[in-house]
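Below you'll find the structure, written out as structure tokens, and then a few comments.
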Amino acid sequence: MVPYAFLMNMKLVSLAAVVLFAAPALPQVPASQRMVVMISLDGFPAFALDDPKLPAPNLRRLIREGVTARMHTVNPTVTWPNHTTLVTGVRADEHGLLVNGSIVPTNSWPPVKVEPMVEKEKMVHVPTVYDAASHAGLTTAQVDWVAIHKAPTITWPFAEWASPEDPVVGEMLRKGALAPADVQDFSKANILFRDQIWATAAAFLIREHKPNLVLVHFLSLDSIHHSYGPKSLAGTAAIAFLDSCVEKVVDAVREAGMQDRTTFLVVADHGFKAYTREIRPAVALASAGLTGKVYVLAEGGTADVYIEKSQAADLLPKTIQALQSVEGIDRVVTPEGYAALGLPLPSKDPQMSELLLTAKEGYAFSGATGGPVTAAVPQTRGSHGYLASDSAMDAIFIAAGYGVKHAAKLPPVDNIDVAPTVAKLLGVSLPTAKGKTIPLQ
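The numbering of the sequence shown is our numbering, which starts it at 511 and goes up by one.
Now the structure itself:
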């Protein structure tokens, strides 16, 4: 006969196992009463979170209370293309962002320019998750998000170049959340101050309006990584500063009484690499007599090469010959290689260049037109734009709050998966997204 005490102990062990391993039931909160807050920390590489001494207690707390993963990015590994992927769930060849703005013809020299102030409806070629949320009757807010100029489906916008004439800025001024000096010549203020104001704006919108979807973009880490490189003391200090900005946004959710129905997603658009030498393709093209016929748009780890279309048959082989042996250039990619990189053909999207250059380790492209073809930089700097297959371009992904399990490390995710995940959390449909939902529970 089995002793009674043994049976009782077994029952207690079984009960403890049920309590320990059973997933807690989520409160059934209607979609109209939920909130998703997506915070982008521009230029935050996945490898930075591997440092146990990283001074980011608020991010660490979100990780402990939720899930984290490395996040693969898309080409081009530049801010606007990847932010647009985060909200559309498709790659650049579909959503239409190849640089930080739209590439438009100039009908002069240089033949193209980057124009950021194009209306979102003309710039983004597919539906976004904030469009889906708005069409479902939910409210939306954005603070310094990109490719979102005059988006009709954003209920409360706080633009990158904030001014007193903006409705949200005006409301904050009337309610004392901002002082007039805070937004005077705002575009000229240092990036740390602007990030603080954007954190204040995000917290205000959460407390005052409780939007169902909030998109927030902070820029200081990207700026500092460009100047000093990743893994630098300056970069670490910038992460600590941004951690305090995240804290302000998280605290606002609690102050709004929304902590039990809010999901936080903390993401980045791309990683970073250090470089010590820069490549100046324009100098090599000038030596080959191609100035005024071939133009290079430098994007850090890659560069777009635009060739005068009326002379393309003659200029293309000359351009390849002038560039393929330049120190620091790894590959000269022709359109036949674009599909594998998730890039459109020039025949499908006139923004796309006739050639794409990629840089070797330790190099980055420059738009400089003078001096040597390849030269050392005064100090180590940082850049992105390298091919997305480079693990250094992986970004962070952290999720916590409503609908998220606790303390889990997920396998790597793709950033095309973020938009469908947000759509699921909000209970809306985004059928154009090509990604899959991330298993947060």
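Every residue gets a Cβ at the ideal spot worked out from N, C-alpha and C, and that includes glycine.
Can you tell me which of the three DSSP states residue i falls into?
i	result
Thr-942	coil
Gln-771	Residue identity check: residue 771 is Arg in the sequence provided, not Gln. Of the three classes helix, strand and coil, the one that applies to Arg-771 here is coil, per DSSP.
Thr-595	helix
Met-581	strand
Thr-879	coil
Val-842	strand
Val-759	helix
Ile-908	strand
Leu-935	helix
Ile-948	coil
Lys-919	strand
Glu-631	helix
Leu-743	helix
Phe-560	According to the sequence displayed, residue 560 carries Asp and not Phe. Note: Asp-560 maps to helix in three-state DSSP.
Thr-638	coil
Val-588	coil
Ala-750	helix
Val-609	strand
Ile-952	Residue 952 lies beyond the residue range present for the chain, which begins at 511 and ends at 951; the question has no answer from this structure.
Can you name, in chain order, every residue of its own chain whose Cβ lies under 7 Å from the Cβ of residue i, other than the five neighbours on each side?
i	result
Asp-840	Thr-868, Ala-869 and Lys-870
Lys-630	Ala-657, Ile-658, His-659, Lys-660 and Ala-661
Leu-833	Pro-791, Ala-794, Ile-839, Val-842 and Leu-867
Pro-591	Val-584, Ala-602, Leu-607 and Leu-608
Lys-944	Gly-599, Val-600 and Ile-926
Val-756	Ile-549, Asn-568, Leu-569 and Val-776
Ala-643	Thr-650, Asn-722, Leu-723, Leu-936 and Val-938
Mark residue i as exposed unless 16 or more other C-beta atoms lie within 10 angstroms of its C-beta, in which case mark it buried.
i	result
Ile-948	buried
Lys-720	buried
Asn-700	exposed
Thr-879	exposed
Val-938	buried
Thr-829	buried
Ser-901	exposed
Glu-809	buried
Val-614	exposed
Ala-910	buried
Asp-770	exposed
Gly-847	exposed
Ala-558	buried
His-735	buried
Pro-667	buried
Met-862	buried
Which residues does DSSP pair with residue i in a beta bridge?
i	result
Pro-615	Val-622
His-727	Ser-550
Pro-667	Gln-652
Gly-892	Ala-784
Pro-555	Ala-905
Thr-868	Thr-812 and Arg-841
Met-682	Looking at the DSSP assignment, Met-682 forms no beta bridge with any residue, so it has no partner.
Thr-710	Thr-710 pairs with nothing; no bridge assigned.
Thr-884	Ile-789
Asp-924	His-582
How close, in whole Å, do the beta carbons of residue i and residue j come, if the pair is a contact with beta carbons under 8 Å?
i	j	result
Gly-781	His-894	7 Å
Arg-580	Asp-904	5 Å
Leu-731	Asp-561	With a Cβ gap of about 14 Å, Leu-731 and Asp-561 do not count as contacting.
Val-653	His-582	At roughly 26 Å, the Cβ-Cβ gap does not stay under 8 Å, so Val-653 and His-582 are not in contact.
Pro-586	Thr-812	6 Å
Leu-940	Pro-930	6 Å
Gly-892	Tyr-738	7 Å
Pro-674	Val-693	6 Å
Whose C-beta lies closer than 6 Å to the C-beta of residue i among residues of the same chain, with five residues either side of it excluded?
i	result
Leu-807	Asp-814
Tyr-873	Tyr-785, Arg-787, Ile-789 and Gly-838
Leu-596	Asn-925 and Val-928
Thr-942	Val-636 and Pro-637
Gly-576	Ala-909, Ala-910 and Val-914
Leu-688	Met-682
Ala-898	Thr-583, Val-584, Asn-585 and Thr-587
Once you ignore the five residues that flank residue i on each side, which residues in its own chain have a CB closer than 8 Å to its CB?
i	result
Met-768	Met-545, Ile-716 and Lys-720
Trp-671	Phe-696 and Ser-697
Glu-818	Pro-621, Lys-803, Val-804 and Leu-825
Pro-513	Unreliable placement is indicated for Pro-513, whose pLDDT of 40 sits below 50; the coordinate value is still reported in the next sentence. Taken in chain order, the list of residues that qualify is empty.
Thr-616	Val-622 and Lys-623
Thr-663	Thr-638, Tyr-640, Asp-641, Ala-643, Ser-644, His-645 and Thr-650
Would you say residue i faces chain B, with C-beta separation under 9 Å as the test?
i	result
Pro-615	The structure shown contains no chain B, having only a single protein chain.
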